[in-house]
Amino acid sequence: MKGYLFLDIDGTLVDSQVTDRISPSTLNALRQARENGYGCFICSGRNYGGLSMYLDAGFDGFVYADGAAIRLQGHEPVMIPIEEDLLKELEHFVLEELHGEMSMASDDHFFASKGQYELWVNYIKERGNASFFEELRRIEDRGDTPILEIDVDLPDQETEDLFIKKLNPRLEYISTTASYGRGSRTAGEITMAGITKGEGIRMAVEMLGGDMKDTYGFGDSMNDASMIKACAVGVCMGNGAEELKALSDYVTDDIKEDGLAKAFRKFGII
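The sequence shown stops at residue 295 when you use our numbering, and every number in between is there.
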């Protein structure tokens, strides 16, 4: 491959406030990039179930669950789940002590606490996407299903500060600022320590026999920061978080203004 393109989904590949579908112009840019010898990979915080609608879009592989899992054509899947004792510790800490909410992502399901479950149900009804009901479960129904990544939602900044201070060092926490903001609460994502999108990209490129000097990362949220830093060229969408723009090598146009395709042209990818 001439180069490796790693692309976030929400706010980068798709305008997720409007649709879950990749626009025709972006699909065309991806097709051209692949024809020109570039590998195209999704790099997402979603689990594999959340990638289902993109599996036939021509991608060469997926780094997902914030780097905790990798699926590449011709390779066995790689998965790094959160250890069971840490899951039980987190569930008590977040739900009982901090009165927050959480959603645990396995490879193909979400196990959500009561408030988060209700939010997801309302979201699914609003978007009319019944397939998400197949992924959604209540947290008490998890059993011993391996968990790759956890989303937490905490009441306020003070609570998040306490959470960060007391978090087990065996875990990694990303305080998420997305292109669409954080709302009235604070939110973040948890994986095993050292597991990030950036580390997932390094593992994927090594599996492919490639070189990190040929990598490009495209994102909009602070959970893309490790990807932007790891890749030789880090690109933030025009609609991205200001903090991510400051870390990036280049800021392209808004997703609504065909920013991804414009960045591809800027770097001679298409």
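Where is the CB? At the ideal position from N, CA and C, for every residue including glycine.
Point to revise | CA-to-CA distance, H117 to H316, given in whole angstroms | key: For residue 316 there is no data in the structure shown, the boundaries of the chain being 26 and 295.
Practice item. Look at the Cβ atom of T51, then the Cβ atom of G244, and state whether they are nearer than 8 Å. Key: no
Check your understanding: My guess is that M26 and G225 are in contact by the Cβ rule of under 8 Å, so how many angstroms apart are they, rounded?
Key -> Not really, about 17 Å apart at Cβ, beyond 8 Å.
Check your understanding: Which one of L115, V230, K254 and R71 has the shortest CA to CA distance from Y63?
Key -> V230
Review point. Exposed or buried, D166, counting other C-beta atoms within 10 Å across all chains shown (16 or more means buried)?
Key: exposed
Review point. Using the beta-carbon count (16 or more within 10 Å), is A266 buried or exposed?
Key: buried
Check your understanding: Given that a residue counts as buried once 16 or more other Cβ atoms are within 10 Å of its Cβ, and exposed if not, what is A271?
Key -> exposed
**Study point:** Outcome for R195 when other beta-carbon atoms lying within 10 angstroms are tallied against a minimum of 16
**Key:** exposed
Point to revise | When G213, G242 and E197 are compared against T221, the one with the closest alpha-carbon | key: E197
Point to revise | Sheet register partners of M129 (DSSP bridge) | key: F136 and I175
Check your understanding: Just how far apart, CA to CA, sit A288 and V260?
Key -> 8 Å
Practice item. Report the rounded CA-to-CA distance for D85 versus E122, giving the unit in angstroms. Key: 43 Å
**Study point:** 8 Å contact criterion, which G219 and M252 should meet: CB distance rounded
**Key:** The Cβ separation is near 15 Å, so there is no contact.
Check your understanding: Around the Cβ of H100, are there at least 16 other Cβ atoms within 10 angstroms (buried) or fewer (exposed)?
Key -> exposed
Point to revise | Spatial distance of D81 from D186 (CA atoms) | key: 41 Å
Review point. Are E214 and G70 touching if we call contact CB-CB under 8 Å?
Key: yes
Review point. What residue range is occupied by the uninterrupted alpha helix (DSSP H) comprising M232?
Key: K222 to M232
Check your understanding: Among A286, M228 and I199, which residue has its Cα nearest to the Cα of L269?
Key -> I199
Exercise for review: Decide if D40 is buried, meaning its Cβ has at least 16 other Cβ atoms within 10 Å, or exposed.
Suggested key: buried
**Study point:** Length-filtered (3 minimum) beta strand (DSSP E) runs lying within the segment 52-133
**Key:** 63-68, 86-89, 94-97 and 126-130
Point to revise | Best match in G168, P171, T44 and I189 for proximity to V177 [C-alpha to C-alpha] | key: I189
Check your understanding: M262 and I95: beta carbons closer than 8 Å?
Key -> no
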